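The listed protein sequences correspond, in order, to chains R and Z. For the first sequence, counting from 1, position 11 maps to 1430 in this note's numbering; every step adds exactly one. For the second sequence, counting from 1, position 91 maps to 134 in this note's numbering; every step adds exactly one. We treat Cβ as the ideally placed atom computed from N, Cα and C, and that holds for glycine. The structure presented is a predicted model; accordingly, all values stated were derived computationally and were not measured. Notes for the one structure printed next.
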Amino acid sequence: GDSVTQMEGPVTLSEEAFLTINCTYTATGYPSLFWYVQYPGEGLQLLLKATKADDKGSNKGFEATYRKETTSFHLEKGSVQVSDSAVYFCALSGGGGSNYKLTFGKGTLLTVNP
Amino acid sequence: GAVVSQHPSRVICKSGTSVKIECRSLDFQATTMFWYRQFPKQSLMLMATSNEGSKATYEQGVEKDKFLINHASLTLSTLTVTSAHPEDSSFYICSAGGEGSNQPQHFGDGTRLSIL
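So this is what it looks like as structure tokens:
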């Protein structure tokens, strides 16, 4: 079945540091890839997405590129802020099962200190 | 603004009580909604897929009689935790959309359920 593996946290950075959260996936089909962010006590918000190979999703300074050859979708940001502190989830859909279901990674807690 | 509204945001009740959680899609019609459960510091676990006008599809290991799902309209799905016990305490999140693998799902803000 489909699966998503993302780097385990927690990740602690200082403000303005560079961020990378690794994500790799296994899917039988050709999935769409997503990054969601969850702030404390809230639901998930879509951060960015990519639907085909070499697509780059970007939003709020975050970027991730769909790499089919390495089955990866790593999240990056050049300069993090305290307000970026949250849990980040990598996810895929449409890999081989139901087109509608999302398969999530375990989440990575990011803490940014001033 | 929020496209999926979930209510209530927090429930505290006694063991044996049944609790209903509502999930509404605000800007679009959703033939499919999803219900997730999230344990502390863990990822989301899909409980069931709610299908408008038909029975929900439950994931393996999820008790159908315990977690009743009703999707009576294109904008509303409800999850009822029947005869809740302390082990049912968790964070429940619904989502809608994603109808097409390249479309993102939109999530509600979640419901923190605490059973005393």
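Alpha-carbon spacing of residue i relative to residue j, whole angstroms
i, j, result
"R/VAL1423", "R/HIS1493", "12 Å"
"Z/SER155", "R/SER1433", "Note that residue 155 of chain Z is Arg in the sequence shown, not Ser. Approximately 31 Å between the Cα atoms of the pair."
"R/ASP1473", "Z/GLN148", "22 Å"
"Z/LEU69", "R/GLN1464", "15 Å"
"Z/VAL47", "Z/ILE136", "11 Å"
"Z/GLN49", "Z/GLU65", "6 Å"
"Z/LEU89", "Z/SER138", "10 Å"
"R/THR1490", "Z/GLY151", "29 Å"
Element boundaries [beta strand (DSSP E), containing residue i]
i, result
"Z/GLN77", "Going by the sequence as given, residue 77 of chain Z is Phe instead of Gln. Residues 75–81."
"Z/MET88", "87–94"
"Z/LYS63", "62–68"
"R/LYS1487", "Looking at the DSSP string, R/LYS1487 is not in any beta strand (DSSP E), and its letter there is neither H nor E."
"R/LYS1468", "1463–1469"
"R/LYS1475", "1475–1478"
"R/ALA1510", "1505–1512"
"R/THR1522", "1521–1523"
"R/GLU1495", "1494–1496"
"Z/GLN72", "Where Z/GLN72 is concerned, there is no enclosing beta strand (DSSP E), given that its DSSP letter is neither H nor E."
"R/ASN1441", "Where R/ASN1441 is concerned, there is no enclosing beta strand (DSSP E), given that its DSSP letter is neither H nor E."
"R/THR1431", "1430–1433"
"Z/ALA115", "110–116"
"Z/ALA139", "133–140"
"Z/GLN49", "47–50"
"R/GLN1425", "1422–1425"
"Z/THR125", "Careful: Z/THR125 lies outside any beta strand (DSSP E) and carries neither H nor E."
"R/VAL1456", "1451–1457"
Residue-level contact to chain Z via CB, residue i, 8 Å cutoff
i, result
"R/GLU1461", "yes"
"R/PHE1508", "yes"
"R/PHE1481", "no"
"R/GLY1420", "no"
"R/TYR1444", "no"
"R/PHE1492", "no"
"R/THR1487", "According to the sequence shown, residue 1487 of chain R is Lys rather than Thr. No, because no Cβ of chain Z sits closer than 8 Å to the Cβ of R/LYS1487."
Cutoff 8 Å: residue i Cβ touching any chain R Cβ
i, result
"Z/ILE136", "yes"
"Z/ASP152", "yes"
"Z/PRO83", "no"
"Z/SER86", "yes"
"Z/THR75", "yes"
"Z/LEU156", "no"
"Z/LEU89", "yes"
* **Against chain R: residues of the stretch 93–122 of chain Z by CB proximity under 7 Å** => none
* Could you run through the stretch 50–77 of chain Z and flag, in chain order, every residue whose CB is less than 8 Å away from some CB of chain R? => Residues THR75, PHE77.
* Asked: At a Cβ cut of 7 Å, what residues of the stretch 1517–1533 of chain R count as close to chain Z, listed as they run along the chain?
  -> If the cut-off is 7 Å between Cβ atoms, the stretch 1517–1533 of chain R has ASN1518, TYR1519, LYS1520, LEU1521, PHE1523, GLY1524, LYS1525, GLY1526 near chain Z.
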